[in-house]
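This report refers to the structure that appears directly beneath it.
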Amino acid sequence: MGAEQETLLYVGTLDLFMKQIGRVVEWNGEQIAIFRDSGDNLYALENKNPHPKGGPLAEGIVSGHYLYDPLYDWKIDLKTGLVQAPDTGQVKVYSVKIEDGNVWIGA
Amino acid sequence: MNNNKQKLVVIGNGMAGISTVEQILKLSTQFEITVFGSEPHPNYNRIMLSYVLEGSKTLDDIVLNDWHWYADHGITLHTGTKVAKIDQMSKEVVTEQGMRVPYDKVIIATGSNSFILPIPGSDKQGVIGFRDIADCNQMLEAAKTYKKAAVIGGGLLGLEAAKGLVQLGMDVTVVHLMEDLMERQLDHQAALMLRHELERQGIKFKMEAQTVELLGDERVSGLRFADDTVLEAEFVVMAVGIKPNVEVAKNSGIEVNRGIVVNDYMQTSMEDVYSVGECNEHRGVCYGLVAPLFEQGMVLAKHICGVDTAPYEGSVVSTKLKISGVDVFSTGEFIDGPEHTVIVSKDDWKRTYKKILLKDGVMVGAVLYGDINDSAELQKLIKQQTVMTDELYDTLMGSGCCGGGAKKTASIEAMPDEEIVCGCNGVTKGSIIEAVTSQGLTTVDEIKACTGATRSCGGCKPVVEQILQYVLGDGFETAAKEGICGCTTLDRDEIVAEIRTKGLQTTKEVMNVLGWNEPEGCSKCRPALNYYLGMVYPDTYEDEKESRFVNERMNANIQKDGTYTVVPRMYGGVTTPEDLKKIADVSLKYDVKVVKVTGGQRLDLIGVKKEDLPKVWEELDMPSGYAYAKSLRTVKTCVGSQFCRFGTQDSMSMGALLERKFERIDYPAKFKMAVNGCPRNCAEACTKDIGIVGNDGGWEIFIGGNGGIKARLADSLCKVKTDEELIEVCGAIIQYYRETGNYLERTSEWVERVGLEHIKAVVVDDLENRRALMERVEFALQQAEEPWSKMLNDDSSRNKMFDTVELKG
Chain A
1 MGAEQETLLY VGTLDLFMKQ IGRVVEWNGE QIAIFRDSGD NLYALENKNP
51 HPKGGPLAEG IVSGHYLYDP LYDWKIDLKT GLVQAPDTGQ VKVYSVKIED
101 GNVWIGA
Chain B
1 MNNNKQKLVV IGNGMAGIST VEQILKLSTQ FEITVFGSEP HPNYNRIMLS
51 YVLEGSKTLD DIVLNDWHWY ADHGITLHTG TKVAKIDQMS KEVVTEQGMR
101 VPYDKVIIAT GSNSFILPIP GSDKQGVIGF RDIADCNQML EAAKTYKKAA
151 VIGGGLLGLE AAKGLVQLGM DVTVVHLMED LMERQLDHQA ALMLRHELER
201 QGIKFKMEAQ TVELLGDERV SGLRFADDTV LEAEFVVMAV GIKPNVEVAK
251 NSGIEVNRGI VVNDYMQTSM EDVYSVGECN EHRGVCYGLV APLFEQGMVL
301 AKHICGVDTA PYEGSVVSTK LKISGVDVFS TGEFIDGPEH TVIVSKDDWK
351 RTYKKILLKD GVMVGAVLYG DINDSAELQK LIKQQTVMTD ELYDTLMGSG
401 CCGGGAKKTA SIEAMPDEEI VCGCNGVTKG SIIEAVTSQG LTTVDEIKAC
451 TGATRSCGGC KPVVEQILQY VLGDGFETAA KEGICGCTTL DRDEIVAEIR
501 TKGLQTTKEV MNVLGWNEPE GCSKCRPALN YYLGMVYPDT YEDEKESRFV
551 NERMNANIQK DGTYTVVPRM YGGVTTPEDL KKIADVSLKY DVKVVKVTGG
601 QRLDLIGVKK EDLPKVWEEL DMPSGYAYAK SLRTVKTCVG SQFCRFGTQD
651 SMSMGALLER KFERIDYPAK FKMAVNGCPR NCAEACTKDI GIVGNDGGWE
701 IFIGGNGGIK ARLADSLCKV KTDEELIEVC GAIIQYYRET GNYLERTSEW
751 VERVGLEHIK AVVVDDLENR RALMERVEFA LQQAEEPWSK MLNDDSSRNK
801 MFDTVELKG
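First to last, the sequence lines map onto chains A and B. FYI, in the UniProt record's numbering the residues of the first sequence are 1 to 107. FYI, in the UniProt record's numbering the residues of the second sequence are 1 to 809.
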């Protein structure tokens, strides 16, 4: 997690999250969308659509490590938060740690 | 930090300045760039303001470069800041607030202002120009309060403004000084056709009228003309022209005529100061259109970066009116004089007009009305000063002879790389070819996504297509075969056949076995496969929530702010006082923002929070209205024989019965029905997927109607005598559509693709087949469950899908 100071927040167990269906985690008024891929990998992104009109991300369609956003169908890389061409932008990404089925996110 | 970089200051954050900056960024990294804009917005596409007014685009849609773009390129942007002058002595740009920014080079791109007539009263409230977002907002505001508007000026801008105001519900009169509309772009004939068409669209005209005074106290109340007549108007848009915004240049001692005087490399009279776009004057011409600014910008960018370039020698301008449904185009010289040879074709039936002007055999100008498919071609031919030949004449004026294809690619070949193909977005032939070859593009849509060409008005689409064809050659045809999405080359029929013959059971299996190039598909194929599998195996297929679009997964319609709309069922559009009371109570309790009656006779509860959805459903205790689904949405009904004096059939009961019977299962796309008690057709059967009209002896069934984006009137399929027959035919139609329709294909498209006669043979005439279809749809219906109560009974999924996890920090 690099040299920067990061707080690890305990989220709960992995089975809180359905495969390929996003869920919102709220912390300090901040909304974080957590996505589980078709396996046991989790990704955490700021729940804010990078499209100029905004909106949530959590309800998008997950394929591999990509998300198709629910409102405008932009394709977003869950690993980096980068919006895929032809659209542009980036979503803030949080680190995720999974140990023995327990989940933490770095904020 | 960037001490070795040259400082470039751009005055003006509009299309001219920023497109020049874009060109510079492509050529060089030698500049540290600062941009000043007087408006509080990032750079936007001014020529698309008409679409904003018209309502087909929002302000956000027309932003060209958002805030990130400036940051990503290290550009310092000062919005809402006016530059006062350029100080040549200290080599600094000075703002009105006194900020001083040193420069090595300056580009003045201050554009132009609306020309406001110098007549008494033009400073009254409610009198504006039409230039920027602020004007656009004022018009949108005014339309809410005022009824009568006048637009002074029947040119391009005036007509677009007028159309926008009509669209906003105002009563609009266009006041024009001349006899013809757009007299600087159109000839008499085309102007007349245009005026008739616009009158049809609700715009009024007062021609050959000179406005001498604007009446009213503080706010404008009317116009007085030279003949002393008066026109009432509470809102006036002046669109009589533009004048170059030369203030900065003037204050700085730069030579100004009508515009800022520049040479062929866009240099002004002051060293290291350039000017581009509508604010300048080149060889005595001030341009008020978009294409020249791109051409100027390209020459300037190359010059300023020290790249060899041909000089700018002026632009052949062309005009396209941006009003939906009105296609007008003109380019070059179009008013015929004695020196011209004129080729004209006019067709009153199709309302088209085409005129090409020749001078000594060379094409010098053209006017098109109604059909502007040839506009890009003509523009190019005229720009290249092509000599008219028999062969060209045949292709342009249509002699009925074929063989134009080869010639078209040849003309693409001859087109220079730096020629601008898309005038709206400044995309050159070279950059399109570069994108196609380096990224392997095969469709116009991909080119649009990648380069922006065709993204605005779309007029250049034919040329873009030809370029694509030219680059791909033989590959063009094969590349055109597309699968249901980018993940596969298979089409729907092939996929469904494979599912059936290979017995494929899940989307993952389909994607694996049929060699998808994305192992988990995309947002286009996953929902489609989910549908096809459910259709093939109604009893055993386990629906994949994760392959459903958000609305269907959440059983409510998502709105742009992330809240949802909940719509309970009202079978046949009928409800009860008890249910209404419940709806009102729940709406109050959960702070619903708006309760709206839909076009399908139901109630939308708009603005429900995601986490409240299960509670709202539970307390409503009504079935889901499926307002979100690719399924049976509504069955609209009239009052019918129960109460109507004309009613011959009980439409309310039949509508409710059909809705109860055929709801909940998936269809290829949304599906709407209507039942009418008599041929007066009050429930509008002609725009429904299935429309039913009662008559004295039974029912008539219509199919394939649509009132939406591709409006289509339904076709009469058959007449039936009994209710049983009616239900069976409806069931057969529904099942046949479910089995043969492409995912997302409405019946209006399906009927045209499959053919009405074929459908009639399968679902009406072939009784055995009709029964078999009915049996299959009944079987599917037996498996269906009410989604709201199902979700309420599934604690685990409900929590995971609707509840937020709260963390403690």
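C-beta: ideal position from N, C-alpha, C; glycine also. Predicted, not measured: the structure shown is a model, and the values here were computed from it.
As assigned by DSSP and simplified to three states, the class of aspartate 666(B): Taking the first residue of the second sequence as 1, we reach residue 666(B) at position 666. Correct three-state label for aspartate 666(B): strand.
Inter-residue Cα distance where the pair is aspartate 794(B) and glycine 89(A): By one-based count along the second sequence, residue 794(B) stands at place 794. By one-based count along the first sequence, residue 89(A) stands at place 89. Each residue's alpha carbon lies about 37 Å from the other.
Cβ of threonine 309(B) within 8 Å of any chain A Cβ: Counting from 1 along the second sequence, the entry for residue 309(B) is found at position 309. Not one chain A Cβ lies under 8 Å of threonine 309(B).
Cβ-based burial, residue 832(B) [other Cβ within 10 Å; buried from 16]: No answer is possible for residue 832(B): it lies beyond the span of chain B, which begins at 1 and ends at 809.
Identified DSSP bridge partners for histidine 282(B): Along the second sequence, read from residue 1 onward, the residue named residue 282(B) stands at position 282. According to DSSP, which records beta bridges pairwise, histidine 282(B) is partnered with Val262(B) and Val285(B).
Any C-beta of chain A under 8 Å from that of residue 821(B): What the structure shows of chain B is the stretch from 1 to 809, and residue 821(B) is not part of that stretch, so it cannot be assessed.
Contact set between the segment 797-809 of chain B and chain A, restricted to residues whose Cβ is under 9 Å from the partner: Ser797, Asn799, Lys800, Met801, Asp803, Thr804, Val805, Glu806, Leu807, Lys808 and Gly809
Proximity of cysteine 638(B) and glycine 677(B) at Cβ, strictly below 8 Å: Numbered from its first residue, the second sequence carries residue 638(B) at position 638. Numbered from its first residue, the second sequence carries residue 677(B) at position 677. In this structure, glycine 677(B) lies closer than 8 Å to cysteine 638(B) by Cβ.
Residues of its chain near glutamine 30(B), where Cβ-Cβ distance is below 8 Å and the 5 sequence neighbours each way are ignored: On the second sequence, residue 30(B) is found 30 positions in, with the first residue counted as 1. So the qualifying residues of the chain are Lys5, Gln6 and Cys305.
Interface flag, glutamine 20(A) vs chain B, CB-CB below 8 Å: Indexing the first sequence from 1 puts residue 20(A) at position 20. Glutamine 20(A) counts as touching chain B.
Outcome for tyrosine 10(A) when other beta-carbon atoms lying within 10 angstroms are tallied against a minimum of 16: Counted from its first residue, the first sequence places residue 10(A) at position 10. So tyrosine 10(A) counts as exposed.
Spatial neighbours of methionine 1(B) in its chain, beta-carbon cut-off 6 Å, leaving aside the 5 residues before and after: Against the second sequence, residue 1(B) aligns to sequence position 1. Only weak support is given to the placement of methionine 1(B): the predicted model assigns it a pLDDT of 48, under 50, and the question is left unresolved by the model.
Test: leucine 45(A) CB closer than 8 Å to a CB of chain B: In the first sequence, counting from the first residue as 1, residue 45(A) sits at position 45. So, not an interface residue.
Inter-residue spacing [alpha-carbon to alpha-carbon] between isoleucine 759(B) and glutamate 745(B): As a working mapping, residue 759(B) is identified with position 759 in the second sequence. As a working mapping, residue 745(B) is identified with position 745 in the second sequence. Each residue's Cα considered, the two are about 16 Å apart.
Supposed close pair residue 860(B), leucine 117(B) - CB separation, criterion 8 Å: Here chain B has residues from 1 to 809 only, and residue 860(B) is not among them.
Residue 818(B) and glycine 694(B) closer than 8 Å at C-beta: This structure cannot speak to residue 818(B), because chain B is shown only from 1 to 809.
Members of the segment 553-570 of chain B near chain A, C-beta cut-off 8 Å: Arg553, Met554, Ile558, Lys560, Asp561 and Gly562
Isoleucine 119(B) versus Arg224(B), Gly365(B), Asp308(B) and Glu197(B), residue with shortest Cα-Cα distance: Counted from its first residue, the second sequence places residue 119(B) at position 119. Nearest option by C-alpha distance: Arg224(B).
Neighbouring residues, chain A, relative to cysteine 522(B) (Cβ below 7 Å): The sequence position of residue 522(B) within the second sequence is 522, counting from 1. In chain order: Ser63 and Tyr68.
Rounded separation between aspartate 123(B) and tyrosine 626(B) - CA only: To locate residue 123(B), count along the second sequence from 1; it is residue 123. To locate residue 626(B), count along the second sequence from 1; it is residue 626. In a straight line, the C-alpha of aspartate 123(B) is about 54 Å away from that of tyrosine 626(B).
Buried or exposed by the 16-neighbour rule on C-beta atoms within 10 Å, applied to leucine 533(B): Indexing the second sequence from 1 puts residue 533(B) at position 533. Buried: at least 16 other Cβ atoms inside 10 Å.
Cβ neighbours of glutamate 213(B) in the same chain (closer than 8 Å, five flanking residues each side left out): Reading the second sequence from its first residue, position 213 is the one you call residue 213(B). Within the same chain, glutamate 213(B) has close Cβ partners Ile119, Pro120, Gly121, Leu223 and Arg224.
Chain B contact for leucine 16(A) (CB, 8 Å cutoff): Taking the first sequence and counting its residues from 1, one reaches residue 16(A) at position 16. Yes, because at least one Cβ of chain B sits closer than 8 Å to the Cβ of leucine 16(A).
Counterpart residues of serine 547(B) in DSSP-defined beta bridges: Within the second sequence, the letter at position 547 stands for residue 547(B). Bridge partners of serine 547(B): none, in fact.
Three-pair Cβ contact test at 8 Å for the segment 382-394 of chain B versus the segment 354-367 of chain B: yes
Which listed residue (Val290(B), Ser90(B) and Asn45(B)) has its alpha carbon closest to that of leucine 59(B): Here residue 59(B) corresponds to residue number 59 of the second sequence, with the count starting at 1. The shortest C-alpha separation from leucine 59(B) is found at Asn45(B).
Proximal chain A residues relative to valine 510(B), where beta-carbon distance stays under 9 Å: The count along the second sequence starts at 1 and reaches residue 510(B) at position 510. In chain order: nothing, as chain A lies at least about 14 Å away.
The segment 42-60 of chain A touching the segment 88-104 of chain A, judged by at least three CB pairs closer than 8 Å: yes
Whole-angstrom distance between leucine 300(B) and valine 436(B), CA atom to CA atom: Taking the first residue of the second sequence as 1, we reach residue 436(B) at position 436. Taking the first residue of the second sequence as 1, we reach residue 300(B) at position 300. Going from the Cα of valine 436(B) to the Cα of leucine 300(B) covers about 26 Å.
Residue(s) in a DSSP beta bridge with threonine 34(B): Counting from one through the second sequence, the residue named residue 34(B) turns up at place 34. Looking at the DSSP assignment, threonine 34(B) forms a beta bridge with Val9(B) and Thr76(B).
Within 8 Å, strictly: CB atoms of valine 616(B) and valine 566(B): The residue labelled residue 616(B) in the question sits at position 616 within the second sequence. The residue labelled residue 566(B) in the question sits at position 566 within the second sequence. Their beta carbons are under 8 Å apart, which means valine 616(B) touches valine 566(B) by this criterion.
Three-state secondary structure (DSSP) of threonine 211(B): Here residue 211(B) is taken as the residue at index 211 of the second sequence, counted from 1. Threonine 211(B): strand per DSSP, three-state reduction.
Residues that cysteine 422(B) contacts on chain A, provided the C-beta gap is smaller than 8 Å: Translated into positions along the second sequence, residue 422(B) becomes position 422. By Cβ distance, chain A contributes nothing, its closest Cβ being about 15 Å from cysteine 422(B), past 8 Å.
Endpoints, alpha helix (DSSP H) assigned at methionine 673(B): Residue 673(B) sits at position 673 when you count from the first residue of the second sequence. Element bounds for methionine 673(B): not the alpha helix (DSSP H) but the beta strand (DSSP E), 671-676.
Candidates Asp40(A), Val25(A) and Phe35(A), of which the one nearest aspartate 100(A) by Cα: Translated into the one-based positions of the first sequence, residue 100(A) becomes position 100. For aspartate 100(A), the nearest C-alpha among the options comes from Asp40(A).
Limits of the unbroken beta strand (DSSP E) element including serine 315(B): The residue labelled residue 315(B) in the question sits at position 315 within the second sequence. Premise fails: serine 315(B) is in no beta strand (DSSP E) and is neither H nor E.
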